[in-house]
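Going by the working numbering, the sequence shown opens with residue 2, and the numbers climb by one from there.
Worksheet: the structure to be examined is printed underneath.
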Amino acid sequence: MPQRFDVIVVGLGTMGSATCHQLAKRGLRVLGIEQFGIPHAQGAHHGYSRLIRKAYFEHPNYVALLQRAYALYDELEAVSGMKLLYRTGGLYMGTPEGEAVGGTLRSAREHSLPVERLDHAALKRRFPQFHLPADHEGVLEQDAGFLVPERVVATQCDQALRHGAEIHGMEAVKGWEADGAGVRVHTAEGEYHARNLVLTSGAWTDRLVRDLGVPLVVTRQVWGWVWPRKPELFALGRLPVWALDAPGVEGGVHYGLPMMTENPGFKVALHRAMTPTDPDRVARDPQPGDLETFRPMLREIVPDGDGPLLALRVCLYTNSPDKHFILDTHPAHPNVALACGFSGHGFKFSAVVGEIMADLAQHGKARLPIEFLGLKRFKK
Ligand SMILES: Cc1cc2nc3c(=O)[nH]c(=O)nc-3n(C[C@H](O)[C@H](O)[C@H](O)COP(=O)(O)OP(=O)(O)OC[C@H]3O[C@@H](n4cnc5c(N)ncnc54)[C@H](O)[C@@H]3O)c2cc1C
Numbered sequence: 002m003p004q005r006f007d008v009i010v011v012g013l014g015t016m017g018s019a020t021c022h023q024l025a026k027r028g029l030r031v032l033g034i035e036q037f038g039i040p041h042a043q044g045a046h047h048g049y050s051r052l053i054r055k056a057y058f059e060h061p062n063y064v065a066l067l068q069r070a071y072a073l074y075d076e077l078e079a080v081s082g083m084k085l086l087y088r089t090g091g092l093y094m095g096t097p098e099g100e101a102v103g104g105t106l107r108s109a110r111e112h113s114l115p116v117e118r119l120d121h122a123a124l125k126r127r128f129p130q131f132h133l134p135a136d137h138e139g140v141l142e143q144d145a146g147f148l149v150p151e152r153v154v155a156t157q158c159d160q161a162l163r164h165g166a167e168i169h170g171m172e173a174v175k176g177w178e179a180d181g182a183g184v185r186v187h188t189a190e191g192e193y194h195a196r197n198l199v200l201t202s203g204a205w206t207d208r209l210v211r212d213l214g215v216p217l218v219v220t221r222q223v224w225g226w227v228w229p230r231k232p233e234l235f236a237l238g239r240l241p242v243w244a245l246d247a248p249g250v251e252g253g254v255h256y257g258l259p260m261m262t263e264n265p266g267f268k269v270a271l272h273r274a275m276t277p278t279d280p281d282r283v284a285r286d287p288q289p290g291d292l293e294t295f296r297p298m299l300r301e302i303v304p305d306g307d308g309p310l311l312a313l314r315v316c317l318y319t320n321s322p323d324k325h326f327i328l329d330t331h332p333a334h335p336n337v338a339l340a341c342g343f344s345g346h347g348f349k350f351s352a353v354v355g356e357i358m359a360d361l362a363q364h365g366k367a368r369l370p371i372e373f374l375g376l377k378r379f380k381k
């Protein structure tokens with residue numbers, strides 16, 4: 002006789018771990034299924050750090066979700082005793098018209114968020130790490146910082162288990178069916194039944210939902226850790242997380258983080274969708290051109306950071322057509338909800354997406370404003 006649950010969650014990475022936590026906290030009978038170990042380094046949640054910031058320039062409606070995410074991380078730290086969020090401040094740099102500076106200022110104004118504007122001279126004085134063109138300015142957001150992704154995923158699963166969730170690692174979901182009576186989920190280990198299904202399957206989403214009608218493009222992304230020439234300038238406490246508009250790369254942003262104990266050196270990367278790939282066949286070893294995504298920028302803009310390479314890693318983005326997330330119920334199955342297409346900027350929303358997906362599974366609608374992330378926007 003197959004086991005029966007209230008909700009089954011497929012994929013216990015960034016969003017699925019949070020969804021299981023929220024559902025279990027509400028007293029629902031939840032089963033979470035993950036194809037790899039928890040956490041793991043094959044998807045989108047490895048690398049020890051993910052930027053988090055509130056003055057979001059990508060779309061003003063994300064700010065309400067971020068306010069809630071911050072509150073949920075504070076709660077999670079308090080109940081678990083784990084340090085998850087480091088408030089280092091966030092420094093955004095570029096020309097005043099660009100996304101990093103102009104967009105952040107616009108978002109801060111619209112949502113009354115405290116930020117400090119730095120003209121070129123002030124930027125140079127306070128942050129000598131950056132050698133910027135004369136037309137560049139900065140904006141500093143005190144509340145920004147980074148999350149430790151492996152710790153967030155592990156802690157959310159740990160809390161879900163403590164609230165009674167059943168979690169299976171190393172078990173891949175092969176398929177599912179849904180009808181008015183509920184859902185059936187198949188793995189190599191067996192069949193499970195539930196009233197609702199939540200798909201938080203990241204780069205593998207299109208294998209489980211073939212009829213979405215929205216292309217999700219998985220891309221191979223790289224980042225590096227380098228040992229700076231002047232380590233004291235890149236220490237945690239001295240360097241905020243930072244982002245710099247990448248000239249000539251549409252929507253591209255160079256970014257970096259201060260040094261942490263988990264990995265020697267400081268982390269640097271380029272945010273923009275890179276090479277399309279298959280999540281099961283992606284080249285995880287260095288490829289020609291990988292280093293060029295950040296080395297020329299370091300040489301020119303951050304010369305004191307332009308030291309020897311320590312590590313180069315690969316991770317996956319799952320890009321939606323407009324680079325905004327998809328949080329919705331399945332068009333043909335109201336008891337199936339999905340969260341996907343995080344397009345390289347989703348981690349910071351993990352806790353709040355968990356709450357939203359729990360709402361969709363439990364009540365069929367979310368309390369927070371998510372219409373702008375619905376599937377209907379692609380049908381216009
Ligand atoms: C290099 C890099 C840097 C980034 N930096 C930032 C940042 O600074 N700030 C930020 O906010 N975001 C950042 N992101 C984006 C963020 O990490 C992602 O948007 C987020 O992790 C996506 O979460 P997810 O739950 O969709 O995917 P994942 O965390 O990968 O989770 C999906 C899970 O589903 C599992 N799964 C899939 N199919 C099945 C199946 N059939 N059966 C069982 N399990 C299955 C997978 O194994 C995986 O564990 C970055 C991403 C990368 C790659």
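Ideal Cβ positions, reconstructed from N, Cα and C, are used throughout, including at glycine.
Limits of the beta strand (DSSP E) - the one that Ala-367 falls within: Numbered from 1 along the sequence shown, position 366 holds the residue referred to as residue 367. DSSP places Ala-367 in no beta strand (DSSP E); its state is neither H nor E.
First and last residue of the uninterrupted alpha helix (DSSP H) at Pro-259: Here residue 259 corresponds to residue number 258 of the sequence shown, with the count starting at 1. Neither: Pro-259 is in no alpha helix (DSSP H) and is coded neither H nor E.
Local Cβ density within 10 Å of Gln-160, reported as buried at 16 or more and exposed below that: Sequence index remark: in the sequence shown, residue 160 carries index 159 (1-based). By the neighbour-count rule (16 or more Cβ atoms within 10 Å), Gln-160 is buried.
Beta-carbon separation (whole angstroms), Gly-203 vs Gly-14, contact threshold 8 Å: Walking along the sequence shown from the start, residue 203 turns up at place 202. Walking along the sequence shown from the start, residue 14 turns up at place 13. The Cβ separation is near 6 Å, so the contact holds.
Residue environment, His-22, which counts as buried when at least 16 other CB atoms sit within 10 Å: The residue given as residue 22 occupies position 21 in the sequence shown. By the 10 Å Cβ count, His-22 comes out buried.
Closest Cα partner of Phe-379 within the set Ala-338, Val-153, Asp-329: Along the sequence shown, read from residue 1 onward, the residue named residue 379 stands at position 378. Looking at the Cα atoms, Asp-329 is the closest of the given residues.
Phe-131 versus Thr-220: straight-line alpha-carbon distance, rounded: Locating residue 131 in the sequence shown gives position 130, counting from the first residue. Locating residue 220 in the sequence shown gives position 219, counting from the first residue. So the two alpha carbons sit approximately 29 Å from each other.
Cβ-Cβ separation, Phe-295 to Phe-267 (assumed contact under 8 Å), whole Å: Walking along the sequence shown from the start, residue 267 turns up at place 266. Walking along the sequence shown from the start, residue 295 turns up at place 294. Contact flag wrong, Cβ pair sits at about 11 Å.
Whole-angstrom C-beta distance between Lys-55 and Asp-144, which should lie under 8 Å: Working through the sequence shown from its first residue, we reach residue 144 at position 143. Working through the sequence shown from its first residue, we reach residue 55 at position 54. Rounded, the Cβ-Cβ distance is 6 Å, consistent with contact.
Near ligand 1: Ala-145 beta-carbon under 7 Å from a heavy atom: As a position in the sequence shown, residue 145 is number 144, starting the count at 1. No, the Cβ of Ala-145 stays beyond 7 Å of every heavy atom of ligand 1.
Where the alpha helix (DSSP H) through Gln-23 begins and ends: Here the question's residue 23 lines up with position 22 in the sequence shown. Per DSSP, the continuous alpha helix (DSSP H) segment holding Gln-23 begins and ends at 15-26.
Val-353 vs Leu-86 beta-carbon contact at 8 Å: Translated into positions along the sequence shown, residue 353 becomes position 352. Translated into positions along the sequence shown, residue 86 becomes position 85. Against a cut-off of 8 Å, the Cβ pair of Leu-86 and Val-353 comes out as no contact.
Counted within 10 angstroms of its Cβ, other Cβ atoms place Ser-351 as buried (16 or more) or exposed: In the sequence shown, counting from the first residue as 1, residue 351 sits at position 350. Looking at its Cβ environment, which holds 16 or more other Cβ atoms inside 10 Å, Ser-351 is buried.
Rounded separation between Arg-152 and Ala-359 - CA only: Along the sequence shown, one-based indexing puts residue 152 at 151. Along the sequence shown, one-based indexing puts residue 359 at 358. In a straight line, the C-alpha of Arg-152 is about 21 Å away from that of Ala-359.
Option in Val-11, Asp-246, His-346 with minimal Cα separation from Leu-148: Start at 1 with the first residue of the sequence shown, and residue 148 comes out as number 147. Looking only at Val-11, Asp-246, His-346, the smallest Cα-Cα distance to Leu-148 is reached by His-346.
Top-ranked residue by Cα proximity to His-121, from Leu-114, Leu-106, Arg-185, Gly-139: Start at 1 with the first residue of the sequence shown, and residue 121 comes out as number 120. Residue Gly-139 is the option with its Cα nearest to His-121.
Enclosing beta strand (DSSP E) for Tyr-49 [first to last residue]: Walking along the sequence shown from the start, residue 49 turns up at place 48. In the DSSP annotation of this structure, Tyr-49 is not part of any beta strand (DSSP E), being labelled neither H nor E.
Beta bridge counterpart(s) of Tyr-94 as assigned by DSSP: In the sequence shown, counting from the first residue as 1, residue 94 sits at position 93. The question names Tyr, yet the displayed sequence has Met at residue 94. Bridge partners of Met-94: Gly-139, Leu-245.
Burial state of Pro-241 (16 or more Cβ within 10 Å): Looking up residue 241 in the sequence shown gives position 240. With a 10 Å radius around the Cβ and a threshold of 16 neighbouring Cβ atoms, Pro-241 comes out buried.
Local Cβ density within 10 Å of Asp-286, reported as buried at 16 or more and exposed below that: Start at 1 with the first residue of the sequence shown, and residue 286 comes out as number 285. Exposed, by the Cβ-count rule.
Selected residue, minimal CA-CA separation from Trp-205, among Ala-45, Tyr-57, Glu-178: Locating residue 205 in the sequence shown gives position 204, counting from the first residue. Comparing Cα-Cα distances from Trp-205 to each of Ala-45, Tyr-57, Glu-178, the minimum goes to Ala-45.
Leu-271, enclosing beta strand (DSSP E) - first and last residue: Sequence index remark: in the sequence shown, residue 271 carries index 270 (1-based). Start and end: 267-272.
Straight-line Cα distance separating Thr-20 from Leu-292: Position 291 of the sequence shown, counted from the first residue, corresponds to residue 292. Position 19 of the sequence shown, counted from the first residue, corresponds to residue 20. Rounded to the nearest whole angstrom, the CA to CA distance from Leu-292 to Thr-20 is 36 Å.
Cβ-Cβ separation, Met-94 to Trp-243 (assumed contact under 8 Å), whole Å: As a first step, residue 243 is located in the sequence shown; it is residue number 242 there, counting from the start. As a first step, residue 94 is located in the sequence shown; it is residue number 93 there, counting from the start. The Cβ separation is near 7 Å, so the contact holds.
With 16 other Cβ atoms within 10 Å as the buried cut-off, status of Gln-288: On the sequence shown, residue 288 is found 287 positions in, with the first residue counted as 1. In this structure Gln-288 is exposed. Its beta-carbon is surrounded by fewer than 16 other beta-carbon atoms within 10 angstroms.
Residue range of the beta strand (DSSP E) that includes Tyr-57: The residue you call residue 57 lines up with position 56 of the sequence shown. Tyr-57 -> no beta strand (DSSP E), and no H or E assigned at all.
Proximity of Leu-124 and Val-116 at Cβ, strictly below 8 Å: Taking the first residue of the sequence shown as 1, we reach residue 124 at position 123. Taking the first residue of the sequence shown as 1, we reach residue 116 at position 115. No; because the gap between Cβ atoms is not below 8 Å, this pair is not in contact.
Per-residue DSSP class, three states only, for Leu-1: With the chain covering only 2 through 381, there is no way to say anything about residue 1.
Cβ neighbours of Gly-104 in the same chain (closer than 6 Å, five flanking residues each side left out): Within the sequence shown, the letter at position 103 stands for residue 104. If we look at Gly-104 and ignore the five residues flanking it on each side, its Cβ neighbours are Phe-58.
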